[in-house]
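S.K.: Following this message is one structure expressed as structure tokens.
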Amino acid sequence: MTSEKRVVVIGGGLAGLRLAGRLGPAATVTVLGEETHVPYNRVLLAEVLAGRYAPEVTSLPAPGPVLRRGVRAVRVDRADRTVHCDDGTVAPYDTLVLATGSNAVLPPLRGLFEPEGRELPDGVHAFRTMDDCLALSAAVRPGVRAVVIGGGLLGVSAARALAARGAVVVLAQQGERLMERQLDAEASALLATHLTELGVEIHTECRARGLEIQPLRHSRSGSAGATPPAAAPRPGAAAGPRKVTGVELADGYRLEADIVVLACGVRPRTGLAQAAGLETRKGILVDDELRTSDPRIHAIGDCAEHAGQVYGLAGAALEQADALAAVLTGGSAPYTGTRALTRLTLGGTGDDSLDLAAFGETTALPGDDVVRLTDGTRRTYRKVVLRGDRLVGGVLLGELSTVGALARTWEGGEPPHDLFHLLTDDGGH
Ligand SMILES: Cc1cc2nc3c(=O)[nH]c(=O)nc-3n(C[C@H](O)[C@H](O)[C@H](O)COP(=O)(O)OP(=O)(O)OC[C@H]3O[C@@H](n4cnc5c(N)ncnc54)[C@H](O)[C@@H]3O)c2cc1C
778 MTSEKRVVVI GGGLAGLRLA GRLGPAATVT VLGEETHVPY NRVLLAEVLA
828 GRYAPEVTSL PAPGPVLRRG VRAVRVDRAD RTVHCDDGTV APYDTLVLAT
878 GSNAVLPPLR GLFEPEGREL PDGVHAFRTM DDCLALSAAV RPGVRAVVIG
928 GGLLGVSAAR ALAARGAVVV LAQQGERLME RQLDAEASAL LATHLTELGV
978 EIHTECRARG LEIQPLRHSR SGSAGATPPA AAPRPGAAAG PRKVTGVELA
1028 DGYRLEADIV VLACGVRPRT GLAQAAGLET RKGILVDDEL RTSDPRIHAI
1078 GDCAEHAGQV YGLAGAALEQ ADALAAVLTG GSAPYTGTRA LTRLTLGGTG
1128 DDSLDLAAFG ETTALPGDDV VRLTDGTRRT YRKVVLRGDR LVGGVLLGEL
1178 STVGALARTW EGGEPPHDLF HLLTDDGGH
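Numbering-wise (this note's numbering), the sequence shown opens with residue 778 and increments by one.
Structure below.
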């Protein structure tokens, strides 16, 4: 690729900026990023919410003038090879890269939206962006009652962070256990014990069905004192601001709430691609060169679907960006998928912290061998799953010194030489 080639990247997140950095002077790159913040790593947002990191700590390497911050792409014209932006500008491209990430899923809860509205009630937050994180952070204080809906990676991170800030936290998880996608039953139970000890009340197999909402009225003095209950708006009257007061569960039980965090998963942002007529399924379909159904347009990161997989993980976003940079600069190695390792530190210092890592298949199939080491005193748990002589997955809690060696063996697809050694010793790495 020569520097006369114009590469436009839509999305200034982890994947888009990694790609821009890798392309360097090999092309004339423009990154369109709708967020106004200095680009940041969203993996670290829970640490910001917990008050352990200042927002600046999450900054990604400065991308320089290639990034147009606060500019949203609103339409792709494939015939003209241009991108139209919300500020009226038009960016012509030779190669276009969609790195639009994903949106938080907003569950179908009764009362979440007004009939024609799109505004979340006061006190209800998603947890995806720096804006979400700062708004949540401003609302939390000791004693505030917070309900987190969703017990996956996001919900667990948010619950832990809110508890660290002194909130009274209830986590409502529809599934049987926490972090079902990554953890086996034992690891999930240990995680639940850890969160319970931090004061988080956990309800599993618990479906939230609606929100209890009140119209928001300020007293004349502006103080937080008692205010008379406001009358319901008349039919046809303009609805005013609303505030959440509780969560209604499917079994009829009610949880009081000043804050509700919606951590119900993410959905790839495919709207621009769909409107431009590109093929999409769960995400934007790409081949082994991260190319969409239009050969001039590529997609990487959370928005892309490769070989049936939408990863939603930082490691995959970075690998895809690197693979695409190689393709665009004349390299030929195909992208064959990412062996995704999930790593999470439920921060804190000393006894109140918990590290966990999971890779591959953590739940054994019939015929698989499982090796487990549990240390009840040190609260560590290590388990690997073997199929034949291959390592197909593992989960570690509390003690991660061996994760590097295990993950390398798993990635390499080689039979492990000395499994016990691998589980107990990191070989100095
Ligand atoms: C709280 C939290 C914790 C997480 N923890 C982990 C973890 O522990 N481990 C892990 O592997 N992953 C984790 N993830 C997931 C990880 O952050 C994502 O996989 C990663 O950020 C994906 O990068 P991306 O560039 O594809 O998308 P994003 O980082 O979402 O970036 C996409 C960017 O594109 C912008 N954009 C979208 N549409 C447009 C448009 N039309 N015009 C202009 N700009 C646009 C968006 O505003 C956004 O800034 C976490 C995510 C969150 C929210």
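Beta carbons: idealized from backbone N, C-alpha and C, even for Gly.
So what's residue 862 in DSSP terms, helix, strand or just coil?
M.R.: The answer is strand: DSSP assigns residue 862 an E or B state.
S.K.: Can you check the stretch 895-930 for any beta strand (DSSP E) of at least 3 residues that lies completely inside it and give the ranges in chain order?
M.R.: The stretch 895-930 contains these whole beta strand (DSSP E) runs: 901-903, 922-926.
S.K.: DSSP three-state label for residue 1045, please.
M.R.: DSSP places residue 1045 in strand when its eight states are reduced to three.
S.K.: Going by DSSP, what residues sit across from residue 1086 in a beta bridge?
M.R.: 1083.
S.K.: Going by CA-CA distance only, name the one from 1152, 862, 1098, 1151 that's closest to residue 797.
M.R.: Among 1152, 862, 1098, 1151, the Cα nearest to that of residue 797 belongs to 1098.
S.K.: So, using beta-carbon positions, are residue 1046 and residue 880 closer together than 8 Å?
M.R.: It is a contact, given that the beta carbons lie within the stated cut-off.
S.K.: So for residue 954, helix, strand or coil by DSSP?
M.R.: Correct three-state label for residue 954: coil.
S.K.: Could you tell me the boundaries of the beta strand (DSSP E) in which residue 991 lies?
M.R.: Unbroken beta strand (DSSP E) run through residue 991: 985-992.
S.K.: With a threshold of 16 other CB atoms inside 10 Å of the CB of residue 1160, please say whether the residue is buried or exposed.
M.R.: Classification of residue 1160: buried, given that the 10 Å Cβ count is 16 or more.
S.K.: Please name the residue, chosen from 903, 1100, 803, 794, that lies closest to residue 815 on a Cα-to-Cα basis.
M.R.: Considering only alpha carbons, the answer is 794.
S.K.: Look at the Cβ atom of residue 1021, then the Cβ atom of residue 990, and state whether they are nearer than 8 Å.
M.R.: Result yes, Cβ atoms of residue 1021 and residue 990 sit closer than 8 Å.
S.K.: Where do the N-terminal and C-terminal ends of the alpha helix (DSSP H) with residue 1099 fall, by residue?
M.R.: Its alpha helix (DSSP H) spans residues 1091-1105.
S.K.: Check for me: the beta strand (DSSP E) holding residue 1174 runs from which residue to which?
M.R.: Segment 1167-1174, the beta strand (DSSP E) holding residue 1174.
S.K.: Ignoring anything shorter than 3 residues or poking outside the stretch 1028-1072, list the beta strand (DSSP E) runs there in chain order.
M.R.: Fully enclosed beta strand (DSSP E) runs of 3 or longer: 1031-1033, 1036-1039, 1043-1045, 1061-1063.
S.K.: Quick check: residue 1163 and residue 1179, are their CB atoms within less than 8 Å of each other?
M.R.: Result no, Cβ atoms of residue 1163 and residue 1179 do not sit closer than 8 Å.
S.K.: Hey, quick one: how far does the alpha helix (DSSP H) through residue 879 stretch, first residue to last?
M.R.: No alpha helix (DSSP H) holds residue 879; the beta strand (DSSP E) holding it covers 879-881.
S.K.: Following the continuous beta strand (DSSP E) through residue 1164, name the residue where it begins and the one where it ends.
M.R.: That run of the beta strand (DSSP E) goes 1157-1164.
S.K.: Spatial neighbours of residue 834 within its chain, please: CB distance less than 8 Å, with the 5 preceding and 5 following residues excluded, ordered by chain position.
M.R.: These residues qualify, in order along the chain: 821, 824, 825.
S.K.: Classify residue 814 as helix, strand or coil using the three-state DSSP reduction.
M.R.: In the structure shown, residue 814 sits in coil (DSSP, three-state: anything other than H, G, I, E or B).
S.K.: Assuming contact is defined by CB atoms lying nearer than 8 Å, are residue 784 and residue 809 in contact in what I supplied?
M.R.: No, the pair does not count as a contact, with Cβ atoms beyond the cut-off.
S.K.: Quick one, which of 1132, 1166, 1136 has its alpha-carbon nearest residue 1144's?
M.R.: Nearest C-alpha to residue 1144: 1166.
S.K.: Would you mind listing the beta strand (DSSP E) stretches within the stretch 961-987 that are 3+ residues and don't spill past its ends, in chain order?
M.R.: Qualifying beta strand (DSSP E) stretches, in chain order: 978-980.
S.K.: For residue 1018 versus residue 1065, is the C-beta distance shorter than 8 Å?
M.R.: Not a contact, by the Cβ cut-off of 8 Å.
S.K.: Report yes if the CB atom of residue 1082 is closer than 8 Å to the CB atom of residue 1060, and no otherwise.
M.R.: For residue 1082 and residue 1060, yes; Cβs fall inside 8 Å.
S.K.: Is there at least one non-hydrogen atom of ligand 1 closer than 7 Å to the beta-carbon of residue 1079?
M.R.: Correct: residue 1079 has its Cβ closer than 7 Å to ligand 1.
S.K.: Is it true that the stretch 968-975 meets the stretch 1147-1155, where meeting means three or more beta-carbon pairs spaced less than 8 Å apart?
M.R.: With the cut-off at 8 Å, the stretch 968-975 and the stretch 1147-1155 do not touch.
S.K.: Is the closest heavy atom of ligand 1 to the C-beta of residue 942 under 7 Å?
M.R.: Checking the Cβ of residue 942 against ligand 1 gives no.
S.K.: Alpha carbon to alpha carbon, how far is residue 1024 from residue 1030? Give it in angstroms, no decimals.
M.R.: Cα to Cα, residue 1030 sits roughly 9 Å from residue 1024.
S.K.: Could you check if residue 1137 belongs to the surroundings of ligand 1, using beta carbon to heavy atom distance under 7 Å?
M.R.: Result no, Cβ not under 7 Å from ligand 1.
S.K.: Under 8 Å between the Cβ atoms of residue 1044 and residue 843?
M.R.: Cβ atoms of residue 1044 and residue 843: not closer than 8 Å.
S.K.: Count the other CB atoms, across all protein chains shown, that sit within 10 Å of the CB of residue 1136; report buried if there are 16 or more and exposed otherwise.
M.R.: Classification for residue 1136: buried.
S.K.: At a threshold of 7 Å, does residue 914 count as lining ligand 1 (C-beta to nearest heavy atom)?
M.R.: No, ligand 1 has no heavy atom inside 7 Å of this Cβ.
S.K.: May I ask you to report which of helix, strand or coil DSSP gives residue 1014?
M.R.: Summary for residue 1014: the model assigns pLDDT 43, below 50, so the residue's position carries little reliability, and this model does not support an answer.
S.K.: Following a CB-centred definition, is residue 811 positioned closer than 7 Å to any heavy atom of ligand 1?
M.R.: Checking every heavy atom of ligand 1 against the Cβ of residue 811, one is found closer than 7 Å.
S.K.: Determine the direct distance from the alpha carbon of residue 1175 to that of residue 919, and round the result to whole angstroms.
M.R.: Each residue's alpha carbon lies about 27 Å from the other.
S.K.: Have a look at the DSSP bridge pairing and note the partners of residue 1119.
M.R.: DSSP output for residue 1119 lists 1135 as bridge partner(s).
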